[in-house]
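Participant: Taking this note's numbering, the leading residue of the sequence shown gets 4, the next gets one more, and so forth. Glycine included, each C-beta is placed from N, C-alpha and C at the ideal position. Below is the structure I would like to discuss, written out as structure tokens.
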Amino acid sequence: MSTEEKDLNNELPPLGTEEGYQARLKKFLEIPGNNAVLAMFLQDWRPAPFHLDNPDNMTSREICEALEDSTELTTTEVAYAMSYLGYWLHRNAYRCHEWAMKPAFGSQGGTPFST
Numbered sequence: 004m005s006t007e008e009k010d011l012n013n014e015l016p017p018l019g020t021e022e023g024y025q026a027r028l029k030k031f032l033e034i035p036g037n038n039a040v041l042a043m044f045l046q047d048w049r050p051a052p053f054h055l056d057n058p059d060n061m062t063s064r065e066i067c068e069a070l071e072d073s074t075e076l077t078t079t080e081v082a083y084a085m086s087y088l089g090y091w092l093h094r095n096a097y098r099c100h101e102w103a104m105k106p107a108f109g110s111q112g113g114t115p116f117s118t
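As structure tokens, this is what we get:
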């Protein structure tokens with residue numbers, strides 16, 4: 004584990020909780036560039052059960068394409084962020100792997116850290 008990864012994981016609430024998700028998302032927002040843009044996109048999403056077919060699931064490539072007007076992400080950057088935030092891969096009926104995602108209900112955009 005690199006020093007950067009240790010710093011990102013230092014004293015964060017556990018994965019699988021909204022508090023843990025928000026804490027990790029905030030860490031990504033503090034890193035300028037691609038990480039912050041991806042965090043802004045993911046503030047409207049949450050990890051979903053990976054064993055269910057879900058029309059909201061997206062591949063790393065689909066996430067890159069959704070953000071291509073804002074930044075040039077690589078699938079590796081997306082995979083790092085998704086796994087760090089607690090998302091799991093789902094194998095769909097076409098034998099492709101996609102991230103198990105669901106909308107964050109009640110999400111109003113903006114920053115999740117405003118009061």
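Around the C-beta of asparagine 38, are 16 or more other C-beta atoms found within 10 angstroms, so that it is buried, or is it exposed?
Facilitator: The residue in question, asparagine 38, is buried, as its Cβ has 16 or more Cβ neighbours within 10 Å.
Participant: Under three-state DSSP, which class holds glutamate 33?
Facilitator: Three-state result, glutamate 33: coil.
Participant: Once the 5 residues before and after methionine 104 are set aside, which same chain residues still bring their CB inside 8 Å of it?
Facilitator: Only Trp48, Arg49, Pro50, Ala51, Asn57, Asp59, Asn60, Met61 and Tyr90 meet the Cβ criterion.
Participant: Locate the alpha helix (DSSP H) running through methionine 85, then write down its first and last residues.
Facilitator: 78-87 is the span of the alpha helix (DSSP H), which, as asked, contains methionine 85.
Participant: Between leucine 32 and the rest of its own chain, which residues show a CB-CB distance below 6 Å, the 5 nearest in sequence each way excluded?
Facilitator: Excluding positions up to five away in sequence, the list reads Ala39 and Ala42.
Participant: Rounded C-beta distance between leucine 76 and tyrosine 24? I'm assuming under 8 Å.
Facilitator: With 8 Å as the limit, leucine 76 and tyrosine 24 do not qualify as a contact, their Cβ atoms being about 20 Å apart.
Participant: Start and end of the alpha helix (DSSP H) containing glutamate 65?
Facilitator: Where glutamate 65 is concerned, the enclosing alpha helix (DSSP H) stretches over 63-69.
Participant: Consult DSSP for glutamate 75 and reduce its assignment to one of helix, strand or coil.
Facilitator: Three-state result, glutamate 75: coil.
Participant: Could you tell me how far apart the beta carbons of valine 81 and cysteine 67 are, in whole angstroms, since I believe they sit closer than 8 Å?
Facilitator: Confirmed, Cβ separation roughly 6 Å.
Participant: Expressed to the nearest angstrom, what Euclidean distance is found between the alpha-carbon atoms of glutamate 22 and phenylalanine 53?
Facilitator: Each residue's alpha carbon lies about 20 Å from the other.
Participant: Please list the terminal residues of the continuous beta strand (DSSP E) segment that includes proline 106.
Facilitator: Element bounds for proline 106: 104-106.
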